[in-house]
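Protein sequences, first through last, are from chains B and F.
Per my numbering, numbering through the first sequence is continuous, rising by one, with the last residue being 563.
Per my numbering, numbering through the second sequence is continuous, rising by one, with the last residue being 563.
Glycine included, each C-beta is placed from N, C-alpha and C at the ideal position.
2 protein chains.
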Amino acid sequence: MTRISRRKFSVLAGSLAGGILVSGVPLALARAPSFQEGKKLGVALVGLGSYSTYQLAPALQKTKYCHLAGIVTGTPAKADKWMRQYGITQDHVYNYENFDQIASDDAIDIVYVVLPNSMHAEFSIRAARAGKHVICEKPMALNVAECDAIIEACKSAGVRLGMGYRLQSEPYTREVKRLVREKTFGEVRFVSAAAAYISRGNPNQWRLNKALSGGGALMNMGVYSIQSCIYGCGKNPVSVSAQEFSTRPAYFKQTDETITAQFTFPGGTVGQMMTSHNASANRLYASCDRGWFELKPANNYGPLSGRSSEGPIAFPHDSQQKLQMDDFARHILEGAPNRAPGEMGRRDMVIVEAIYRSIREGGRSIPVELSVGYGFGG
Amino acid sequence: MTRISRRKFSVLAGSLAGGILVSGVPLALARAPSFQEGKKLGVALVGLGSYSTYQLAPALQKTKYCHLAGIVTGTPAKADKWMRQYGITQDHVYNYENFDQIASDDAIDIVYVVLPNSMHAEFSIRAARAGKHVICEKPMALNVAECDAIIEACKSAGVRLGMGYRLQSEPYTREVKRLVREKTFGEVRFVSAAAAYISRGNPNQWRLNKALSGGGALMNMGVYSIQSCIYGCGKNPVSVSAQEFSTRPAYFKQTDETITAQFTFPGGTVGQMMTSHNASANRLYASCDRGWFELKPANNYGPLSGRSSEGPIAFPHDSQQKLQMDDFARHILEGAPNRAPGEMGRRDMVIVEAIYRSIREGGRSIPVELSVGYGFGG
Chain B
186 MTRISRRKFS VLAGSLAGGI LVSGVPLALA RAPSFQEGKK LGVALVGLGS
236 YSTYQLAPAL QKTKYCHLAG IVTGTPAKAD KWMRQYGITQ DHVYNYENFD
286 QIASDDAIDI VYVVLPNSMH AEFSIRAARA GKHVICEKPM ALNVAECDAI
336 IEACKSAGVR LGMGYRLQSE PYTREVKRLV REKTFGEVRF VSAAAAYISR
386 GNPNQWRLNK ALSGGGALMN MGVYSIQSCI YGCGKNPVSV SAQEFSTRPA
436 YFKQTDETIT AQFTFPGGTV GQMMTSHNAS ANRLYASCDR GWFELKPANN
486 YGPLSGRSSE GPIAFPHDSQ QKLQMDDFAR HILEGAPNRA PGEMGRRDMV
536 IVEAIYRSIR EGGRSIPVEL SVGYGFGG
Chain F
186 MTRISRRKFS VLAGSLAGGI LVSGVPLALA RAPSFQEGKK LGVALVGLGS
236 YSTYQLAPAL QKTKYCHLAG IVTGTPAKAD KWMRQYGITQ DHVYNYENFD
286 QIASDDAIDI VYVVLPNSMH AEFSIRAARA GKHVICEKPM ALNVAECDAI
336 IEACKSAGVR LGMGYRLQSE PYTREVKRLV REKTFGEVRF VSAAAAYISR
386 GNPNQWRLNK ALSGGGALMN MGVYSIQSCI YGCGKNPVSV SAQEFSTRPA
436 YFKQTDETIT AQFTFPGGTV GQMMTSHNAS ANRLYASCDR GWFELKPANN
486 YGPLSGRSSE GPIAFPHDSQ QKLQMDDFAR HILEGAPNRA PGEMGRRDMV
536 IVEAIYRSIR EGGRSIPVEL SVGYGFGG
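Here is the structure:
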């Protein structure tokens, strides 16, 4: 496990003083000194695995408020390929050793950490200390203590922190949040979520290595199931019980294969979730006092699809990653809401820890102790 | 709670000796001495509540192999209305006191027990002792001991026993069983079922009275969730964990409101179910090695609807109760399979008891100890 230095990084003078105030939200633009009206923020992707390659980089060709400006990789061959493909020059290419020099790279405003989970905390903190805004892929880190360290580092450095929660920016999820917020069908009484796929690939992939992933299905798609239950009823849970199931221990040597969990929410709403690396499921369903709504699929890259007791839910498809990164850029540029702040990632990690604890303790109900309310994220 | 007399009822000589053998299945027709080729079996409904009134009696107007021949009710006004409506004469009308006289009523071949759960055992056993074949509504009884007593009584009397499991006879459920049996999508890895509706009616209804119902959602729609998980993967569970949730204790004073449960099946298949009297949900979903299938709705009176990874699942709608009662009549008349024998009802009660025990014991996993395999019921 990556050890996090607790040494404080001194905040550059003026990071907040140089900010402006839009819609009551102070902006820390001092770290993007080259910012001008109309300029796109520069994003550096840290870790050039399949998610960066097939989702984020293509999305950054379509974003309006940010663009691909740099890369961080430990593999020189990948660097060469990306430089050619995206016209990135050598002065915006870093490896994991010289990464901290990114501090003086004015072309980079946002560092997007797309590394194995065990490296999220280290590189999010190093990015913050380099004065860059941070997007951290999910799950936020290996545990709540690491989440706290990331949040503190970003606060100390006066930079913004967003989670790579693409669904928070896409229209089906936002419609669910609206239906819940406006109580279109009354109060949600039961919410059910499933996020699962069948993993049969390379047994040496980092997701199956507990030191790198911190866990299996729960630390991967499970975060979407947790999120779905929460925005599916518009509340944070007060307790959770959970169970783990194992069918292929020879393949899933170190990490959880299938996990089910049950939530209680304020007011008695019941949540039920499932996540797996040994089944395929992708759904959010909520039963309300006067109707129901469903997304299916609910959490893949889309197109998503939805229905309610009043008819179809349908929106044009767009790149979720494009919407997510533009939302974060607009948060920085214009004071738009941070749809997935670090506190949301930390909340989900508190729940992940409670789920693992319930499993260790034979499935008993574990209180979910949160320091934040539900309402953040816009 | 109804106490069951364990006194054995002597089997009439000739009940089996007088039977015939069709397709290797011995038939006990001695108790229906008036049976002739082409004759419809006579059904007496015991208990004229809403299920008898709005589902069973109308279905018995459409059945090919049986017909409504008698009624048993404690309410004379209901008897009058039914006699007029269905042309039933006084000699085929009974109350709960003189019910045993049905033994000498040659027009009645089958007694269908549609009473509150606490009366299932008593009247199923009295019907068997009267020499009548028995259909028992679900859940079979209040506990496994009562199920055993019913099964023994029917065996001793040489009469057939079927559960009121309408879904076992309808085409969507039978298609699911075919997909599972033929491994159309490979092995089922995860199965999920929900059967729930929102109860806001008369707080004095028998379903909310534990002495009469034996339990709430689990003893009602919960049986369908259990059944769905089982036929959704084609196996009986080996263990179950469960949780109970309460939101409206002033209404659900004595009976469970919402229950979730998790099953393990042989080979590692995971099952997840939910049942509630405080939410609306009606679905069966299974994820297999090479695809998935879904029924939604899966367990209401229909029309049901289905989809799989290969396309829609669609059948013409027909009365489930008609199909169920005709299947049971054909079982008696022609040796067709008993699609829902008493052993299936008992199995489900073993699981109900394990679920309640897991809840009492904080959600820990409870072994499901069954004396029968999955394969019965055809």
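Whether residue i touches residue j by CB criterion (8 Å)
i: Val425(B); j: Ser309(B); result: no
i: Thr445(B); j: Gln428(F); result: no
i: Leu352(B); j: Gln286(B); result: no
i: Ala466(B); j: Ala381(B); result: yes
i: Ile335(F); j: Ala306(F); result: yes
i: Ile293(B); j: Ala244(B); result: no
i: Phe513(F); j: Ser493(F); result: no
i: Ser377(F); j: Tyr470(F); result: yes
i: Asn328(B); j: Glu538(B); result: yes
i: Arg524(F); j: Met325(F); result: no
i: Cys332(B); j: Gly349(B); result: no
i: Leu397(B); j: Phe437(B); result: no
i: Phe284(B); j: Val257(B); result: yes
i: Thr449(F); j: Phe430(B); result: yes
i: Arg345(B); j: Ile536(B); result: no
i: Val361(B); j: Gly417(B); result: yes
i: Arg314(B); j: Ala338(B); result: yes
i: Ser504(B); j: Phe375(B); result: no
i: Glu372(B); j: Asp474(B); result: yes
i: Lys481(F); j: Lys247(F); result: no
i: Val553(B); j: Val423(B); result: yes
i: Asp533(F); j: Val408(F); result: yes
Boundaries (first-last residue) of the beta strand (DSSP E) holding residue i
i: Pro497(F); result: 496–498
i: Leu230(B); result: 226–231
i: His378(F); result: At residue 378(F) the sequence reads Ala, which differs from the His that was named. Note, Ala378(F): beta strand (DSSP E), 373–383.
i: Ala446(F); result: 443–449
i: Val319(B); result: 318–321
Cβ distance (whole Å) where residue i is taken to contact residue j below 8 Å
i: Val299(B); j: Lys317(B); result: With a Cβ gap of about 14 Å, Val299(B) and Lys317(B) do not count as contacting.
i: Met404(F); j: Asn302(F); result: 6 Å
i: Thr443(F); j: Ala464(F); result: 7 Å
i: Ala250(F); j: Lys266(F); result: It is Tyr, not Ala, that sits at residue 250(F) in the sequence shown. Actually they are not in contact, since the Cβ atoms of Tyr250(F) and Lys266(F) sit about 26 Å apart, beyond 8 Å.
i: Leu233(B); j: Lys263(B); result: 5 Å
i: Asp290(F); j: Gly255(F); result: 7 Å
i: Met459(F); j: Ser410(F); result: 7 Å
i: His502(B); j: Gly487(B); result: 5 Å
Three-way DSSP call (helix, strand, coil) for residue i in this model
i: Gly527(B); result: helix
i: Leu253(B); result: strand
i: Thr238(F); result: helix
i: Ile293(B); result: coil
i: Gly558(B); result: coil
i: Ser465(B); result: strand
i: Gln428(B); result: strand
i: Gly417(B); result: helix
i: Phe220(F); result: For Phe220(F), the predicted structure reports a pLDDT of 47, less than 50, and the residue's modelled location is therefore unreliable. A value from the coordinates is still provided. Note: Phe220(F) maps to coil in three-state DSSP.
i: Met348(F); result: strand
i: Ile544(F); result: helix
i: Leu206(B); result: In this prediction, Leu206(B) has a pLDDT of 33, which is less than 50 and means its spatial position is unreliable; what the coordinates show is noted afterwards. Three-state result, Leu206(B): strand.
i: Gly400(B); result: coil
i: Tyr470(B); result: strand
i: Thr369(B); result: strand
i: Gly456(B); result: strand
i: Val278(F); result: strand
i: Pro356(B); result: helix
i: Pro388(F); result: coil
i: Ser190(B); result: Residue placement at Ser190(B) is flagged as unreliable, the pLDDT there being 37, under the threshold of 50; the coordinate-derived value follows with that caveat. Ser190(B): coil per DSSP, three-state reduction.
i: Pro243(F); result: helix
i: Val423(B); result: coil
i: Ala215(B); result: For Ala215(B), the predicted model reports a pLDDT of 41, less than 50, meaning its position is unreliable; a value from the coordinates is still stated below. In this structure, Ala215(B) counts as coil in the three-state DSSP scheme.
i: Val535(F); result: helix
Alpha helix (DSSP H) segment containing residue i, residue limits
i: Glu337(F); result: 329–342
i: Gln575(F); result: Outside the shown range of chain F, which is 186 to 563, sits residue 575(F), and nothing can be said about it.
i: Arg311(F); result: 305–314
In chain order, each alpha helix (DSSP H) run of at least 4 residues that lies wholly inside the segment 472–523 of chain F: 505–519
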